[in-house]
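Colleague: Mapped onto the numbering used here, the consecutive letters of the sequence shown carry residue numbers 33 to 327.
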Amino acid sequence: MASPARAADIKDEALCSVCLEYLTEPVTITCGHNFCRACITQHCEEWEKGTRLELTCPQCREPFQTGEFKPNTQLNNIVQKIKEPGIHPGKGKKPMTDLCKRHEECLKLFCEEDGEAICWVCEKSRDHKSHTVVPIEEAAQDYKELEQALALKKVKEKRAVITGEFNRLHTWLKEEEQGLLQRLAEEERETLQRLQENVSKLSQQSSSLQELIAELEKKCQQRAAELLKVRDRGSQSVKLQEPGAVSTELKNIYKICLAMKEMLQRFWGEWKLLSHSAVLCLGSGHSQGPRAHLA
């Protein structure tokens, strides 16, 4: 089996040095070099139209005469074998995959200027001769690294977008939290203020009731007519007021309201009891008056 280097040499021998393509109808001139019949014929025609200097071989510059070229049938057969799909010297048949459509050779090279895979024949052609050509494995590795870099860039950009959205959401939630806490503090302050006002009112009413109780106890010993005046005056002067409504949103405030209500009801009960006692005292004093007078 031929080595890869020798196989490449065989391929080179199958190329025309003028057109850099596979030999077509190869002919041999006197110096021994082979060319496509069309290529060497055109070379001779251009020489005839030119300065009429000595006609030389396009490859080695040895002089030869026009028409002095012979068909090389054996070389032509070799070229045809090499050109068969999937046939490579020294390697046997290859699967017909990744082959150059033009030369039916394996696409083992990559042209960076044209961005396409090419074969070794394309590399030597005029289309790619001045281009940067690298092994296709190396180009594939570079492309893979480029893809990874682009994918990493996309991930970083997406991460930045997600992080920004979460930061904006966090800022919004923080602002909402501060606003709610501020409104709650204001509501608590207003509720406590109303409670203090109600406590102050209840305290004033309690003081009035205590004064009235003391006055009633003192007047119980007076005459019936004067006691009735005290009763009427007490009923008119002492009017308990319901405390203003406060928010029951907070548990402690609700408990305070219940305690204040119970205290108000207790004061009101005491007031009714004292009023009833005053009536009894009045009735007792009135019945004892005539008896004392009779005595």
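Cβ coordinates follow ideal geometry from the N, Cα and C atoms, glycine included.
1) Just how far apart, CA to CA, sit R226 and E218?
2) Cβ atoms of A46 and T56: under 8 Å apart, would you say?
3) Does the separation of the CB atoms of H160 and C132 fall below 8 Å?
4) Taking DSSP's pairing of strands, which residues face K102 in a bridge?
5) First and last residue of the beta strand (DSSP E) that includes C143?
6) Alpha carbon to alpha carbon, what distance is there between S49 and A171?
7) Below 8 Å on the Cβ atoms is my guess for C68 versus P58; work out the distance and round it to an integer in Å.
8) Spatial neighbours of E145 within its chain, please: C-beta separation below 6 Å, excluding the five flanking residues on both sides.
9) Do Q97 and L87 come within 8 Å of each other at the CB atom, strictly closer than that value?
10) In the DSSP output, which residue or residues are listed as bridge partners for Y54?
11) Go to C68, then tell me how far its beta strand (DSSP E) extends in each direction, as first and last residue.
12) Can you tell me whether DSSP reads C138 as helix, strand or coil?
13) Between the alpha carbons of K156 and R134, how many angstroms are there, rounded?
14) Can you give me the start and stop residues for the beta strand (DSSP E) that E148 sits inside?
Modeller: In short, the structure shows the following:
1) By 1-based counting over the sequence shown, the position of residue 226 is 194. By 1-based counting over the sequence shown, the position of residue 218 is 186. Answer to the nearest angstrom: the Cα atoms are 12 Å apart.
2) Taking the first residue of the sequence shown as position 1, residue 56 is located at position 24. Taking the first residue of the sequence shown as position 1, residue 46 is located at position 14. Going by C-beta atoms, T56 is not nearer than 8 Å to A46.
3) Looking up residue 160 in the sequence shown gives position 128. Looking up residue 132 in the sequence shown gives position 100. Their beta carbons are not under 8 Å apart, which means H160 does not touch C132 by this criterion.
4) Within the sequence shown, numbered from 1, the residue matching residue 102 stands at position 70. T60.
5) One-based indexing of the sequence shown puts residue 143 at position 111. Residues 141-143.
6) The residue labelled residue 171 in the question sits at position 139 within the sequence shown. The residue labelled residue 49 in the question sits at position 17 within the sequence shown. Approximately 28 Å, taken between the alpha carbons.
7) The count along the sequence shown starts at 1 and reaches residue 68 at position 36. The count along the sequence shown starts at 1 and reaches residue 58 at position 26. So it is a contact: roughly 7 Å between Cβ atoms.
8) Along the sequence shown, one-based indexing puts residue 145 at 113. For E145, where only same-chain residues beyond five positions count, the Cβ hits under 6 Å are H163.
9) For the purposes of this step, residue 87 is identified with residue 55 of the sequence shown, where counting begins at 1. For the purposes of this step, residue 97 is identified with residue 65 of the sequence shown, where counting begins at 1. Closer than 8 Å, so yes.
10) Translated into positions along the sequence shown, residue 54 becomes position 22. Note: Y54 sits in a beta bridge opposite L47.
11) Along the sequence shown, one-based indexing puts residue 68 at 36. Segment 66-68, the beta strand (DSSP E) holding C68.
12) Along the sequence shown, read from residue 1 onward, the residue named residue 138 stands at position 106. If DSSP states are grouped into helix, strand and coil, C138 belongs with the strands.
13) Stepping through the sequence shown from its first residue, residue 156 is reached at position 124. Stepping through the sequence shown from its first residue, residue 134 is reached at position 102. Each residue's alpha carbon lies about 13 Å from the other.
14) Against the sequence shown, residue 148 aligns to sequence position 116. Taken as a continuous stretch (DSSP letters only), the beta strand (DSSP E) holding E148 covers 148-150.
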